[in-house]
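Participant: Start counting the sequence shown at 25; every next residue gets the next number (full-length UniProt numbering).
Think of the CB as a built atom: it goes at the ideal place given N, C-alpha and C, for glycine as much as any other residue.
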Amino acid sequence: PKLEPCAIVIFGATGDLTSRKLFPALYKLYASEDMPDGFVIMGVGRTEYGDDAFRDKMREALEEFAPNFDHGLWHKLASRLYYHTLEYDELDGYKSLEKRLQEIDKNEKANGETQGNRLFYLAVPPELYTTIANHLGDAGLAAPGQESGWPRIVVEKPFGHDLPSARELDAALHRSFSESQIFRIDHYLAKETVQNILMLRFANAIFEPLWNRNYIDYVSIIAAESLGVGHRAGYYDTAGVLRDMFQNHMMQLLALSAMSPPSSFHADRVRDEKTRVYRSLRPFDVEREFKDLVLGQYMSGTVHGEKVPAYRKEKNVPEDSNTPTFAMLRAYLDNWRWQGVPFYITSGKRLADKVSRIVVQFKEIPHSMLRGVVEQSIEQNKLFLGIYPDEVIHMYFMAKQPAPLLCLSPVYMHYGFKESGVGPELEAYEKVLLDCIMGDQMLFWRQDGVELTWGFLTPILEMCDDCGTMERHLHRYKAGSWGPNEACELHPGFFADVTTST
Ligand code: BG6
25 PKLEPCAIVI FGATGDLTSR KLFPALYKLY ASEDMPDGFV IMGVGRTEYG DDAFRDKMRE
85 ALEEFAPNFD HGLWHKLASR LYYHTLEYDE LDGYKSLEKR LQEIDKNEKA NGETQGNRLF
145 YLAVPPELYT TIANHLGDAG LAAPGQESGW PRIVVEKPFG HDLPSARELD AALHRSFSES
205 QIFRIDHYLA KETVQNILML RFANAIFEPL WNRNYIDYVS IIAAESLGVG HRAGYYDTAG
265 VLRDMFQNHM MQLLALSAMS PPSSFHADRV RDEKTRVYRS LRPFDVEREF KDLVLGQYMS
325 GTVHGEKVPA YRKEKNVPED SNTPTFAMLR AYLDNWRWQG VPFYITSGKR LADKVSRIVV
385 QFKEIPHSML RGVVEQSIEQ NKLFLGIYPD EVIHMYFMAK QPAPLLCLSP VYMHYGFKES
445 GVGPELEAYE KVLLDCIMGD QMLFWRQDGV ELTWGFLTPI LEMCDDCGTM ERHLHRYKAG
505 SWGPNEACEL HPGFFADVTT ST
């Protein structure tokens, strides 16, 4: 894929996401000369702004959120910036948007032509996705023209709140856009360390032969956060951890850990293999209720030395909310490779620290020649794929201590991304934007995956919608702990998995 000229049209341009993430990412790409020669950025929103007022707003955003902000460079970028006011549900605004984009292309050659290519980025609440997508279609902005280049649409999760709504959203997007034009973001996929999982597994000969039920005891996938819900309680209380983290990021990490090697590194070949993983997910057995699932909600406590309130006391959270802020799920994949191997998937807010990692625990050695010879137990090999804060690959194994008496201890092999000294890495949003401009869907969800993962989670979510069930089964945990004790009963290795320093 190559970097093509285009107009980047951001809906929700006066919102938080644009100021904090999108614009700083675009600025950084521009500063590092990674943007195509011809591009313009068109902010779109309901708030009335002229081009200049919008430029001022974006400058302020960059001064706050872009490191190394350079005023000289800003002036060059500012001339490529425009703003268009519209009501999201009025077609006329979209028609005049189309006109403005055409005029800009015609009149402002200095910024390079966009060749009619348009990237529509929906940085708006998901309730607006359908309205905007439909109007883009009706205004003729969604159809690739004979001469007029490509339109693409970018949406962020949540992709619906259950299987039927995910299907409805997809039908709405597909009314005007084809699958190759739709980019469903999962920012975890854009992390260097997450992209590296497939490289580690499939660009080396030594891991794949062991990567199966014969040698692996369990896989633990962890995204622990120390933050609470912050100012997003309105959204979070209707979502909970299962919709907020599991349906998207955690399921992607599961697929990357468990998939088989694709025959080639192309978006659809890779996504085919992920889909196979989702198809093999053993359906959650609601009869067993909470045998494979622990849900929790944080109480008040101390996180990183700071006293924090209980979830139910957070602003905009109902006092009787039973929304889970922590979940550990034991999942199984019914296929030859993984039969019987538990995947412990854990995520929660207000935990002791922010730690994202995948831990692969290998089986015990089949027989110890050292029984009765050394006192230490022989620990199982463990491979840590660190995502945050340690961006590492870290492998534990047993070795002889250099000493006259025979003595074993666990030691490790280590690779740190940051220490490798290879060029600057792209931030998640920079990578996402670049890939959209290049039309590379590798790091984006395909609809079959969205539906299969919603399908898997729906029985669990329905169980959670039952108030009585939640009253009985939602465990309270202290903010600043590692979650409810029941999590360590479900997965006794959890504490070591999450706290082992790498
Ligand atoms: C988002 C969730 O998708 O991911 C947030 O909505 C969560 O609740 C965030 O905090 C975590 O992302 P990261 O990159 O900080 O691990």
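Give me the DSSP bridge partner(s) of A166.
Facilitator: The partner list for A166 (beta bridge, DSSP) is empty, contrary to what the question assumes.
Participant: Going by Cα to Cα distance, which pick from F63, V398, L467 is closest to E180?
Facilitator: Residue L467 is the option with its Cα nearest to E180.
Participant: Going by the DSSP bridge assignment, what does E180 pair with across the sheet?
Facilitator: According to DSSP, E180 bridges with I209.
Participant: In the structure shown, what three-state DSSP assignment does T284 receive?
Facilitator: Inspection of the sequence shows that residue 284 is occupied by Ser rather than by Thr. Correct three-state label for S284: coil.
Participant: Buried or exposed: where does R312 fall if 16 or more other Cβ atoms within 10 Å of its Cβ makes it buried?
Facilitator: Result: exposed.
Participant: Inspect the CB distances between the region 477-489 and the region 310-326 and report whether three or more fall short of 8 Å.
Facilitator: Output reads yes: the region 310-326 touches the region 477-489.
Participant: Does the region 341-358 come close enough to the region 291-307 to have 3 or more Cβ pairs within less than 8 Å?
Facilitator: Result yes; three or more Cβ-Cβ pairs closer than 8 Å.
Participant: For a quick check, are the C-beta atoms of I245 and L277 less than 8 Å apart?
Facilitator: A contact, by the Cβ cut-off of 8 Å.
Participant: Buried or exposed, going by whether 16 or more other CB atoms sit within 10 Å of the CB of T71?
Facilitator: T71 comes out exposed.
Participant: Quick check: does the Cβ of S43 come within less than 7 Å of any heavy atom belonging to the ligand BG6?
Facilitator: Checking every heavy atom of the ligand BG6 against the Cβ of S43, none is found closer than 7 Å.
Participant: Are K378 and P348 touching if we call contact CB-CB under 8 Å?
Facilitator: No, these two residues do not count as a Cβ contact at 8 Å.
Participant: Report all residues from its chain with a CB closer than 7 Å to the CB of A49; omit the five preceding and five following residues, and keep chain order.
Facilitator: So the qualifying residues of the chain are E451, Y453, E454, L457.
Participant: Reducing DSSP to helix, strand and coil, say where V474 ends up.
Facilitator: Here V474 sits in helix by DSSP.
Participant: At 3 residues or longer, what runs of the beta strand (DSSP E) sit wholly inside the region 74-137?
Facilitator: With a minimum length of 3 residues, the continuous beta strand (DSSP E) runs that stay inside the region 74-137 are 105-109.
Participant: What do you reckon, is the C-beta of D268 under 7 Å from a heavy atom of the ligand BG6?
Facilitator: Yes, since a heavy atom of the ligand BG6 falls inside the 7 Å radius drawn around the Cβ of D268.
Participant: So E330 is in the beta strand (DSSP E); what residue range does that whole segment cover?
Facilitator: Counting along the chain, the beta strand (DSSP E) containing E330 begins and ends at 330-332.
Participant: Can you tell me the Cβ-Cβ gap for F350 and G252, rounded? I've got them flagged as a contact below 8 Å.
Facilitator: Not really, about 12 Å apart at Cβ, beyond 8 Å.
Participant: In whole angstroms, give me the CA-to-CA distance for P366 and K123.
Facilitator: If I take the Cα positions, the gap works out to 56 Å.
Participant: Please go through the same chain and pick out, in chain order, the residues whose beta-carbon is closer than 6 Å to the beta-carbon of V474, but skip the five residues on each side of it.
Facilitator: Once the five neighbours on either side are set aside, the close Cβ partners of V474 are F183, A190.
Participant: Using only the heavy atoms of the ligand ATP, determine whether one of them is closer than 7 Å to the beta carbon of Y412.
Facilitator: This structure lacks the ligand ATP; its bound ligands are the ligand BG6.
Participant: Touching or not, the region 315-322 and the region 333-346, by the rule of three or more beta carbon pairs under 8 Å?
Facilitator: Output reads yes: the region 333-346 touches the region 315-322.
Participant: Between which residues of its own chain and L222 is the CB-CB distance below 7 Å, once the five residues before and five after are set aside?
Facilitator: Excluding residues within five positions, the ones whose Cβ falls inside 7 Å are L280.
Participant: Examine chain C for any beta-carbon lying closer than 8 Å to the beta-carbon of L86, and answer yes or no.
Facilitator: Annotation note: the requested chain C is absent from the structure, which comprises a single protein chain.
Participant: Give a yes or no on whether the C-beta atoms belonging to L105 and D75 are separated by under 8 Å.
Facilitator: In this structure, D75 lies closer than 8 Å to L105 by Cβ.
Participant: Closest by CA to V148, which one among E216, L125, I34, H255?
Facilitator: For V148, the nearest C-alpha among the options comes from I34.
Participant: Could you name the residues of the same chain whose beta carbon sits closer than 6 Å to that of I209, not counting the 5 residues immediately before and after it, in chain order?
Facilitator: Excluding residues within five positions, the ones whose Cβ falls inside 6 Å are E180, V456.
Participant: Quick check on K26: does DSSP put it in helix, strand or coil?
Facilitator: Of the three classes helix, strand and coil, the one that applies to K26 here is coil, per DSSP.
Participant: Measuring from the CB of L450, is there a heavy atom of the ligand BG6 at a distance below 7 Å?
Facilitator: Because no heavy atom of the ligand BG6 lies under 7 Å away, the Cβ of L450 does not count as near it: no.
Participant: Are the CB atoms of G67 and A31 within a distance shorter than 8 Å?
Facilitator: In this structure, G67 does not lie closer than 8 Å to A31 by Cβ.
Participant: According to DSSP, what are the bridge partners of A423?
Facilitator: Answer is S433, bridged to A423.
Participant: Mind checking whether T217 and G445 have CB atoms under 8 Å apart?
Facilitator: Taking 8 Å as the Cβ cut-off, T217 and G445 do not qualify as a contacting pair.
Participant: Taking 7 Å as the line, does the beta carbon of S345 fall inside it for any heavy atom of the ligand BG6?
Facilitator: No.
Participant: Among P285, M494, E28, which has the Cα closest to the Cα of R225?
Facilitator: Measuring from the Cα of R225, the nearest candidate turns out to be P285.
Participant: Would you report the Cα separation of G198 and K119, rounded to the nearest angstrom?
Facilitator: Checking the displayed sequence, the identity of residue 198 turns out to be His instead of Gly. When rounded, the distance between both Cα atoms is 20 Å.
Participant: Just verifying my parser: in three-state terms, what is the DSSP assignment at H438?
Facilitator: Strand at H438.
Participant: Pick from G164, F207, I65: whose alpha carbon is nearest that of S103?
Facilitator: Closest option to S103, Cα to Cα, is I65.
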